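>
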Amino acid sequence: MNHFRHKHVLRLLAVCSNEKSPLLVLELMEIGDLLNYLRKSRKLQPSDSQALRLQDLFAMCEDVARGCSYLEEMRFVHRDLACRYCLVSARDCENRVVKIGDFGLARDVYKDDYYHK
Numbered sequence: 001m002n003h004f005r006h007k008h009v010l011r012l013l014a015v016c017s018n019e020k021s022p023l024l025v026l027e028l029m030e031i032g033d034l035l036n037y038l039r040k041s042r043k044l045q046p047s048d049s050q051a052l053r054l055q056d057l058f059a060m061c062e063d064v065a066r067g068c069s070y071l072e073e074m075r076f077v078h079r080d081l082a083c084r085y086c087l088v089s090a091r092d093c094e095n096r097v098v099k100i101g102d103f104g105l106a107r108d109v110y111k112d113d114y115y116h117k
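The opening position of the sequence shown corresponds to residue 1 in full-length UniProt numbering, with each subsequent residue numbered one higher.
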């Protein structure tokens, strides 16, 4: 995960080791996970300035797709992609970026493949 550098993939900033377990320092995504963001947004009235429109949903889907495309270029598969593992940076559409996170099940798909090009 530390070699991933893409706008739509959560960045690992540091790893700290202590006696109990390693600690990961990740970039801050202020809004939190996409699942809770969508649930909270569902309660907003259409007239609310922070209500999601169809084009906002498409833009978030595109962010995730771009992140997946990058991971594929890096020969990795997430293997557990879900809204709860995607993180949102901001509520306003100008600053909102969705990033893929939680790479606990990710693996290099070609690591043990003898037949890839």
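Every residue, glycine too, gets a C-beta built ideally from N, C-alpha and C.
Note that the structure is a prediction, hence the values are computed from the model and not measured.
1. Going by the DSSP bridge assignment, what does L71 pair with across the sheet?
2. Who are C86's beta bridge partners in DSSP?
3. Closer than 8 Å by C-beta to M29: which residues in its own chain qualify, once you throw out the five before and the five after it? Chain order, please.
4. Straight-line CA distance for S21 to A14?
5. Could you tell me the boundaries of the beta strand (DSSP E) in which L13 lies?
6. So, using beta-carbon positions, are K7 and V64 closer together than 8 Å?
So, from the listed chains and residues:
1. Paired residue(s): none; L71 is not in a bridge.
2. Looking at the DSSP output, C86 shares a beta bridge with I100.
3. L10, L87, V88, S89, K99, G101
4. 14 Å
5. L13: member of the beta strand (DSSP E) spanning 12-16, first to last residue.
6. no
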